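J.:
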Amino acid sequence: MFDDLRDLYQEVIFDHNRNPRNFRIIEDADRKVEGFNPLCGDRLTLYLKMAGDVITDASFQGSGCAISTASVSLMTEIVKGKTEQEAEALFKQFHEMTTGKDEHFNLEAIGKLAVLAGVREYPARVKCATLAWHTLDAALKNQQEAISTE
Amino acid sequence: MTLDVEKIRQDFPILKEKIRGKDLVYLDNAATCQKPQCVIDSIVHVYSHDYANVHRGVHTLSVRSTDKFEVARTKVKEFINASSDKEIIFVKGATEAINLVAQTYGKANLKAGDEVLITAMEHHSNIVPWQMLCEQTGAVLKVAPINQTGELIFAEFEQLLSDKTKLVSVVHMSNALGTINPVKAIIEAAHAKNIPVLLDGAQAIPHIEVDVQALDCDFYVFSGHKLYAPTGTGVLYGKQALLEAMPPYQGGGDMIRKVTFTETEYNTLPYKFEAGTPNIADVIGLGAAIDYINSIGMAVIAAHEAELLRYATEKAQAIKGLRIIGEAEHKGAILSFVLDKIHPHDIGTMLDSLGIAIRAGHHCAMPVMDFYNVPATARASFGLYNTRQEIDVLMSGIESLIEVFG
Chain A
800 MFDDLRDLYQ EVIFDHNRNP RNFRIIEDAD RKVEGFNPLC GDRLTLYLKM AGDVITDASF
860 QGSGCAISTA SVSLMTEIVK GKTEQEAEAL FKQFHEMTTG KDEHFNLEAI GKLAVLAGVR
920 EYPARVKCAT LAWHTLDAAL KNQQEAISTE
Chain B
4 MTLDVEKIRQ DFPILKEKIR GKDLVYLDNA ATCQKPQCVI DSIVHVYSHD YANVHRGVHT
64 LSVRSTDKFE VARTKVKEFI NASSDKEIIF VKGATEAINL VAQTYGKANL KAGDEVLITA
124 MEHHSNIVPW QMLCEQTGAV LKVAPINQTG ELIFAEFEQL LSDKTKLVSV VHMSNALGTI
184 NPVKAIIEAA HAKNIPVLLD GAQAIPHIEV DVQALDCDFY VFSGHKLYAP TGTGVLYGKQ
244 ALLEAMPPYQ GGGDMIRKVT FTETEYNTLP YKFEAGTPNI ADVIGLGAAI DYINSIGMAV
304 IAAHEAELLR YATEKAQAIK GLRIIGEAEH KGAILSFVLD KIHPHDIGTM LDSLGIAIRA
364 GHHCAMPVMD FYNVPATARA SFGLYNTRQE IDVLMSGIES LIEVFG
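Protein chains in written order, with my numbering: chain A, 800 to 949; chain B, 4 to 409.
#1: Less than 8 Å between the beta carbons of residue 163 of chain B and residue 142 of chain B, yes or no?
#2: One question on the structure: do residue 829 of chain A and residue 800 of chain A come within less than 8 Å of each other, judged by their Cβ atoms?
#3: Alpha carbon to alpha carbon, what distance is there between residue 852 of chain A and residue 776 of chain A?
#4: Quick check on the DSSP output: the beta strand (DSSP E) that includes residue 860 of chain A runs from which residue to which?
#5: Within a Cβ cutoff of 8 Å, which residues of the same chain sit near residue 877 of chain A, ignoring the five residues on either side of it in sequence?
#6: Among residues of its own chain, excluding the 5 on either side of residue 207 of chain B, which ones have a beta-carbon nearer than 6 Å to its beta-carbon?
#7: For residue 372 of chain B, go through chain A and note every residue whose CB falls closer than 7 Å to its CB, in chain order.
#8: Are the beta-carbon atoms of residue 82 of chain B and residue 259 of chain B separated by less than 8 Å?
#9: Is there a C-beta anywhere in chain B that falls below 8 Å from the one on residue 865 of chain A?
#10: Taking the beta strand (DSSP E) that residue 849 of chain A falls in, what are its first and last residues?
#11: Can you tell me where the alpha helix (DSSP H) holding residue 926 of chain A begins and where it ends?
#12: Using three-state DSSP, classify residue 917 of chain A as helix, strand or coil.
#13: Give the interface partners of residue 353 of chain B over in chain A, defined as CB-CB distance under 7 Å, in chain order.
#14: Sort B/170, B/98 and B/88 by Cα distance to residue 111 of chain B and report the nearest one.
#15: Could you pull out every residue in the same chain whose Cβ sits closer than 6 Å to the Cβ of residue 345 of chain B, ignoring the five residues on either side in sequence?
#16: In chain A, which residues lie with their C-beta within 8 Å of the C-beta of residue 379 of chain B?
#17: With a CB to CB cut of under 6 Å and the five nearest residues on each side skipped, what residues in its chain are close to residue 102 of chain B?
#18: As a quick exercise: from A/832, A/841 and A/818, pick the residue whose alpha carbon is nearest that of residue 379 of chain B.
#19: Where residue 854 of chain A and residue 885 of chain A are concerned, what is the direct C-alpha to C-alpha distance, given to the nearest angstrom?
#20: With DSSP as the reference, please indicate the residues paired to residue 202 of chain B in a beta bridge.
#21: Alpha carbon to alpha carbon, how far is residue 265 of chain B from residue 897 of chain A? Give it in angstroms, no decimals.
#22: Whole angstroms are fine: how far does the CA of residue 395 of chain B sit from the CA of residue 212 of chain B?
#23: Does the separation of the CB atoms of residue 6 of chain B and residue 18 of chain B fall below 8 Å?
#24: Taking the runs of the beta strand (DSSP E) that are 3 residues or longer, which of them lie wholly in the stretch 134-182 of chain B?
#25: Three Cβ pairs or more, each shorter than 8 Å: is that satisfied between the stretch 228-246 of chain B and the stretch 79-94 of chain B?
#26: Are the beta-carbon atoms of residue 339 of chain B and residue 324 of chain B separated by less than 8 Å?
#27: For residue 391 of chain B, return the contacting residues in chain A, with the cut-off set at a CB-CB distance below 8 Å.
#28: Once the 5 residues before and after residue 815 of chain A are set aside, which same chain residues still bring their CB inside 7 Å of it?
#29: Report the neighbours of residue 924 of chain A on chain B: residues whose CB is nearer than 8 Å to its CB, in chain order.
#30: Residues in its own chain within less than 7 Å of residue 45 of chain B by CB, not counting five upstream and five downstream?
#31: Might you give, ordered along the chain, the residues of its own chain that have their beta carbon closer than 8 Å to the beta carbon of residue 776 of chain A, omitting 5 neighbours on each side?
#32: Evaluate residue 196 of chain B with the Cβ neighbour count: other Cβ atoms within 10 Å of its Cβ, from every protein chain shown; 16 or more gives buried, anything less gives exposed.
#33: Candidates B/181, B/168 and B/137: which alpha carbon is nearest residue 200 of chain B's?
#34: Can you tell me which of B/193, B/228, B/230 and B/237 puts its alpha carbon nearest to the alpha carbon of residue 413 of chain B?
#35: Quick check: is the beta carbon of residue 131 of chain B nearer than 8 Å to any beta carbon in chain A?
#36: Output, in sequence order along the chain, the residues in the stretch 844-866 of chain A whose CB is closer than 9 Å to any CB in chain B.
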């Protein structure tokens, strides 16, 4: 019935929505930033544990739509073990993939995150996918104040 | 008399649109309504045959344009049963009308410590203008609570009416919950303490017959675009004596009688509040929309929509995991709901793929979302052209997406 939506709602997204990874609080987090999408009410808190400039642990709490939940869940998986620079480079790749500026985004670099490429066709949903990454960007820049997509 | 919905649907060209290859099922009427051909034609006709600026020319087109514009004012006056054309101020929408009252009546009559009383089910447009006024004057915004069904707790509302209350501003029908407020009782209670009442009729106007004299409200505001009329049209009704006493809103052309560099004499009502060239063609379109509604009859429309709401509610209640938000006894044609573990935005995108347009979000009523402890709701809202079959399509769409999300 929802054949047209297969590019947007891939099985991986349903899976991460049902069972979000790293859905917990890091009590002794080095970075903690809130992200908020006032348009849909998506709200998340991102926690990072750092060792020098390496992200040793990432987790989140909050609630949102399937796209935003899957996006933050996938992100916390992929950034673990990455340096700040590597994570920022991923953010850039992800942003290009989801906003459609670069049709030929680096599929290899983006890995599993490619399941979110479908949002490009749904401008109203791009922010759902990018909220997690904007929040990460703020955390890496050590900003304390909450991030809003608007 | 019942409404011939198939005949009505022929009047709305957009209803023939295909959305993602499917028949459009337009259930976002609380956000804005689609336009009948006669309204579209009226705008084309004005620009093709009658258009010039109003109230300022001696030439033929200006006279024609002015006549049509003022006829639209009379149609609005009759539609809400105001006592005079002077009480009908054209603005760009309900939001501007509330801001106008806040910045003119409010600024002139409220001082530090005074209170404005609203309810917990207001749209942001009936919250923020008062917060701005309170910031400017030191007045205080008071909020009468609602209960879990989404009804105003009237006893608490009455308790909040005090010597400090200088204005009551309440929604006639809630856009987020569908609740129809007991406005007659609200007005009587406020008037017993000499407090004027503004009714926000943005949502009520296409669903409920409004008689401002019978209600005895002091101000009534609504937007044209929710009444099957063009966007950028809106009405502020105010009792003449109140409007006379209020300072003007914006300065400019049309609102003056005489201007020198040392002083300006303001124009009479309603022009005192209509600075600048108004939205001429769209206001004429609003007149055409009122003619269209009158040709069907508000009572007939209301009965049709009440039946749609009854049918939709009954079907929605049968869906496991669906929770209706807003179950007031007196309700307009709005069905706000949430689904277990499925975010309203996912519902919105999935239904869109089936050609169904609903609203997903906070409906510009964030405090209402907070009250029900939900980030957002999905909202199906019905208009005169909707059918039972469309509700069937909606409900089977909801059942399918619940299955897909598993």
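Even glycine gets a Cβ: it sits at the ideal position worked out from N, Cα and C. Owing to the predicted nature of the structure, the values given are computational and were not obtained by experimental measurement.
T.: Reading off the structure:
#1: Start at 1 with the first residue of the second sequence, and residue 163 of chain B comes out as number 160. Start at 1 with the first residue of the second sequence, and residue 142 of chain B comes out as number 139. For residue 163 of chain B and residue 142 of chain B, no; Cβs fall outside 8 Å.
#2: Counting from 1 along the first sequence, the entry for residue 829 of chain A is found at position 30. Counting from 1 along the first sequence, the entry for residue 800 of chain A is found at position 1. No.
#3: Past the boundaries of the shown model lies residue 776 of chain A; chain A is included only from 800 to 949, so the question cannot be answered.
#4: Here residue 860 of chain A is taken as the residue at index 61 of the first sequence, counted from 1. For residue 860 of chain A, the enclosing beta strand (DSSP E) covers residues 853-862.
#5: Indexing the first sequence from 1 puts residue 877 of chain A at position 78. The beta carbon of residue 877 of chain A sits closer than 8 Å to those of 889, 910, 911 and 912, all from its chain and outside the five residues before and after it, given in chain order.
#6: In the second sequence, the residue the question calls residue 207 of chain B occupies position 204. Excluding positions up to five away in sequence, the list reads 175 and 176.
#7: Within the second sequence, the letter at position 369 stands for residue 372 of chain B. What residue 372 of chain B touches in chain A: 840.
#8: Along the second sequence, read from residue 1 onward, the residue named residue 82 of chain B stands at position 79. Along the second sequence, read from residue 1 onward, the residue named residue 259 of chain B stands at position 256. It is not a contact, given that the beta carbons lie outside the stated cut-off.
#9: Along the first sequence, one-based indexing puts residue 865 of chain A at 66. Yes, residue 865 of chain A counts as interfacial toward chain B.
#10: By one-based count along the first sequence, residue 849 of chain A stands at place 50. From DSSP, the beta strand (DSSP E) with residue 849 of chain A extends over 841-850.
#11: Within the first sequence, numbered from 1, the residue matching residue 926 of chain A stands at position 127. Here the alpha helix (DSSP H) through residue 926 of chain A covers 925-939.
#12: As a first step, residue 917 of chain A must be located in the first sequence, where it is residue number 118. Residue 917 of chain A sits in a helix when the DSSP states are folded into three classes.
#13: Start at 1 with the first residue of the second sequence, and residue 353 of chain B comes out as number 350. The contacting residues are 801 and 804.
#14: On the second sequence, residue 111 of chain B is found 108 positions in, with the first residue counted as 1. Relative to residue 111 of chain B, the option among B/170, B/98 and B/88 whose CA is nearest is B/170.
#15: Looking up residue 345 of chain B in the second sequence gives position 342. Within the same chain, residue 345 of chain B has close Cβ partners 408.
#16: The residue given as residue 379 of chain B occupies position 376 in the second sequence. Those within 8 Å of residue 379 of chain B in chain A are 839 and 840.
#17: On the second sequence, position 99 is the one that residue 102 of chain B refers to. The beta carbon of residue 102 of chain B sits closer than 6 Å to those of 132, all from its chain and outside the five residues before and after it, given in chain order.
#18: Position 376 of the second sequence, counted from the start, is the residue given in the question as residue 379 of chain B. Per the Cα distances, A/841.
#19: Locating residue 854 of chain A in the first sequence gives position 55, where the first residue counts as 1. Locating residue 885 of chain A in the first sequence gives position 86, where the first residue counts as 1. When rounded, the distance between both Cα atoms is 10 Å.
#20: Position 199 of the second sequence, counted from the start, is the residue given in the question as residue 202 of chain B. Beta-bridge pairing links residue 202 of chain B to B/173 and B/223.
#21: Here residue 897 of chain A corresponds to residue number 98 of the first sequence, with the count starting at 1. Here residue 265 of chain B corresponds to residue number 262 of the second sequence, with the count starting at 1. Those two C-alpha atoms are separated by around 59 Å.
#22: Reading the second sequence from its first residue, position 209 is the one you call residue 212 of chain B. Reading the second sequence from its first residue, position 392 is the one you call residue 395 of chain B. Approximately 28 Å between the Cα atoms of the pair.
#23: Sequence index remark: in the second sequence, residue 6 of chain B carries index 3 (1-based). Sequence index remark: in the second sequence, residue 18 of chain B carries index 15 (1-based). No.
#24: 143-147 and 168-174
#25: yes
#26: Taking the second sequence and counting its residues from 1, the one referred to as residue 339 of chain B is at position 336. Taking the second sequence and counting its residues from 1, the one referred to as residue 324 of chain B is at position 321. No. Outside cutoff.
#27: Taking the second sequence and counting its residues from 1, the one referred to as residue 391 of chain B is at position 388. Those do not exist, as residue 391 of chain B stays about 21 Å from chain A at its closest Cβ, beyond 8 Å.
#28: Numbered from its first residue, the first sequence carries residue 815 of chain A at position 16. Only 868, 869, 872 and 873 meet the Cβ criterion.
#29: On the first sequence, position 125 is the one that residue 924 of chain A refers to. Per Cβ cutoff of 8 Å: 348 and 352.
#30: Sequence index remark: in the second sequence, residue 45 of chain B carries index 42 (1-based). 287, 288 and 291, listed in sequence order.
#31: The question about residue 776 of chain A has no answer here: the residues shown for chain A are numbered 800 through 949.
#32: Along the second sequence, read from residue 1 onward, the residue named residue 196 of chain B stands at position 193. It counts as exposed.
#33: For the purposes of this step, residue 200 of chain B is identified with residue 197 of the second sequence, where counting begins at 1. Ranked by Cα distance from residue 200 of chain B, the options B/181, B/168 and B/137 are led by B/168.
#34: The structure shown does not extend to residue 413 of chain B, since chain B spans only 4 to 409, so no value can be given for it.
#35: As a first step, residue 131 of chain B must be located in the second sequence, where it is residue number 128. No, because no Cβ of chain A sits closer than 8 Å to the Cβ of residue 131 of chain B.
#36: 862, 863, 864, 865 and 866
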